[in-house]
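So for the sequence shown, my numbering puts the first residue at 8; every next one is plus one. A virtual CB, placed ideally from N, CA and C, is assigned to each residue, including glycine. Predicted, not measured: the structure shown is a model, and the values here were computed from it. Here's the structure, in structure tokens; my notes come after.
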Amino acid sequence: MLIYYLVFVLSFLFCALDFTDKVYLKVSIYVLFCLSLITLVGFRAIGLDNDSINYVEMLKQADNYTFLEIFKGDYSENTERGYMLLNKLILVLGGDERILFILVASATGILNYTFFYKNSNFPFTSLLFYLSFFLLYRDFTQIRYGLSCALVFWCIHALAQFKYFKALLLFATSLLFHNSAFILIPVLILCFSVKNKYFYPILVVISVVGIFYNFFSVVLTLGGIPEHMQIYLEEESGGGLAVAALGFLIMAVYFINSSYLNGNKDLSYSLYYRIFASGLALSLFFYQTSILQRFSYLLFQFGILLLPNMLSTLQTGEKRYYYFTLHIIFLVFFLYYGIKLIDPALIRPYF
Numbered sequence: 008m009l010i011y012y013l014v015f016v017l018s019f020l021f022c023a024l025d026f027t028d029k030v031y032l033k034v035s036i037y038v039l040f041c042l043s044l045i046t047l048v049g050f051r052a053i054g055l056d057n058d059s060i061n062y063v064e065m066l067k068q069a070d071n072y073t074f075l076e077i078f079k080g081d082y083s084e085n086t087e088r089g090y091m092l093l094n095k096l097i098l099v100l101g102g103d104e105r106i107l108f109i110l111v112a113s114a115t116g117i118l119n120y121t122f123f124y125k126n127s128n129f130p131f132t133s134l135l136f137y138l139s140f141f142l143l144y145r146d147f148t149q150i151r152y153g154l155s156c157a158l159v160f161w162c163i164h165a166l167a168q169f170k171y172f173k174a175l176l177l178f179a180t181s182l183l184f185h186n187s188a189f190i191l192i193p194v195l196i197l198c199f200s201v202k203n204k205y206f207y208p209i210l211v212v213i214s215v216v217g218i219f220y221n222f223f224s225v226v227l228t229l230g231g232i233p234e235h236m237q238i239y240l241e242e243e244s245g246g247g248l249a250v251a252a253l254g255f256l257i258m259a260v261y262f263i264n265s266s267y268l269n270g271n272k273d274l275s276y277s278l279y280y281r282i283f284a285s286g287l288a289l290s291l292f293f294y295q296t297s298i299l300q301r302f303s304y305l306l307f308q309f310g311i312l313l314l315p316n317m318l319s320t321l322q323t324g325e326k327r328y329y330y331f332t333l334h335i336i337f338l339v340f341f342l343y344y345g346i347k348l349i350d351p352a353l354i355r356p357y358f
């Protein structure tokens, strides 16, 4: 497990490069480090994580169906069509599970890491945030979900730039790999309908009720309980308060400084703030249900862009030293949180 500790420590140390003006040095280290991460994920041992063995079985199952059957959804497995089509294509071209993991790791990594570098003012901070909260759970374990979430990054970015057709295309593609992306529909309706910044802290506070009552059984009962969801209904594990604490703090940074942040014409924060807050509210409302943390984490991931860009802007103001100190505190927490997730027996996105 030493290699995983090294990944987090190096990522933490590289955050110093967020403050350098030497662009070639920054780009070179960022690219080399990200390529190393993709290689680590793509060539991991089968069985290292919880689900890789299951993905090997899914690959074998794809051989039982034609492209047309998969495209029509005429198969019994509970697997999204896009992922099943990818499996079928790999088999037809003579590939195996190693090719599958390399392709998914490459696609997910390239989408994520280019997004961070292009859109974050502190790309290494964004990278550490991502590695600490999402890498082990998504890139290693839930690879369909991880690829879908990477596409959602670009979907919302296109939407924020009013590129609606591009956003719709990216959203549709994300659904082909994991249906968790459906959560964007009600959340975006909420975020575009309610733009008052006071509403979202209130929503989060109300959602704390989920810590004391499991609403998952109620939600499933409304439409019946699908057979494959029964196992999740019986699970007792859930989220963690570390995520809630971090979320509250990031929301507070935006809430206190919203006038100053939104006055900066080069950056737009409000949409990401509302999506992020919605993710935190879902995380608390379904606190006791691990499976529904997928929905909250798809939204919570926008803190990866929101936080570094806020800190970057605030470090140019009168309280620059205060926010620089807060920046360091966040980095130390990300390092601590990421290391806590390194567990050979069970990798979850919370503790």
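{"Item": "Start and end residues, alpha helix (DSSP H) containing Phe189", "Value": "No alpha helix (DSSP H) contains Phe189, which DSSP labels as neither H nor E."}
{"Item": "Nearest residue (CA-CA) to Arg51, options Phe172, His185, Ala112", "Value": "Ala112"}
{"Item": "Span separating the alpha-carbon of Ala259 from that of Phe337", "Value": "14 Å"}
{"Item": "6 Å Cβ shell around Leu278 - same chain, five flanking residues per side excluded", "Value": "Ala167"}
{"Item": "Residue range of the alpha helix (DSSP H) that includes Ala114", "Value": "104-126"}
{"Item": "Segment contact, 8 Å Cβ cut-off, at least three pairs: the region 146-161 with the region 42-57", "Value": "yes"}
{"Item": "Beta-carbon proximity list for Arg327, same chain, < 8 Å, skipping 5 on both sides", "Value": "Leu321"}
{"Item": "Cβ-Cβ distance between Ser139 and Leu9 below 9 Å", "Value": "no"}
{"Item": "Residues of its chain near Gly345, where Cβ-Cβ distance is below 7 Å and the 5 sequence neighbours each way are ignored", "Value": "Phe15, Leu138, Ser139"}
{"Item": "Same chain, Cβ closer than 6 Å to Phe131, neighbours up to 5 away in sequence not counted", "Value": "Phe21, Cys22, Leu24, Asp25"}
{"Item": "9 Å Cβ cutoff met for Phe129 and Leu342", "Value": "no"}
{"Item": "Cβ contact check for the region 159-166 and the region 175-190: 3 or more pairs under 8 Å", "Value": "yes"}
{"Item": "Pairwise C-alpha distance: Gln300 and Ile232", "Value": "Interpretation of Ile232 is limited by its pLDDT of 49, a score under 50 that renders its predicted location unreliable; no figure is taken from the coordinates."}
{"Item": "Buried versus exposed call for Ala288 [16 or more other C-beta atoms within 10 Å across all chains shown]", "Value": "buried"}
{"Item": "Coil, strand or helix - Asp273 by DSSP", "Value": "With a pLDDT of only 47 at Asp273, under the threshold of 50, the placement of this residue in the model should not be trusted; the figure read from the coordinates follows. Asp273: coil per DSSP, three-state reduction."}
{"Item": "Option in Phe40, Ala69, Leu195 with minimal Cα separation from Tyr171", "Value": "Leu195"}
{"Item": "Residues of its chain near Lys33, where Cβ-Cβ distance is below 7 Å and the 5 sequence neighbours each way are ignored", "Value": "Leu24, Thr27"}
{"Item": "Residue from Ile257, Ser297, Ser266, Leu291 whose Cα sits closest to the Cα of Ile311", "Value": "Ile257"}
{"Item": "For Asp58, the nearest candidate out of Ser214, Leu197, Tyr144 (CA to CA)", "Value": "Tyr144"}
{"Item": "Proximity below 9 Å, CB of Cys198 to CB of Tyr304", "Value": "no"}
{"Item": "Anticipated Cβ contact below 8 Å, Leu92 with Phe74, distance rounded", "Value": "7 Å"}
{"Item": "Reference Phe359; option with closest CA among Leu182, Arg105, Lys202, Ile77", "Value": "This structure cannot speak to residue 359, because the chain is shown only from 8 to 358."}
{"Item": "Asn94 and Tyr82 closer than 9 Å at C-beta", "Value": "no"}
{"Item": "Length of the line joining the Cα atoms of Leu66 and Leu98", "Value": "8 Å"}
{"Item": "Status (buried if at least 16 other CB within 10 Å, exposed otherwise) for Asn85", "Value": "exposed"}
{"Item": "Whole-number beta carbon distance between Leu306 and Ile190, since they are thought to touch under 8 Å", "Value": "7 Å"}
{"Item": "Ile298 - containing alpha helix (DSSP H), residue span", "Value": "No alpha helix (DSSP H) holds Ile298; DSSP gives it neither H nor E."}
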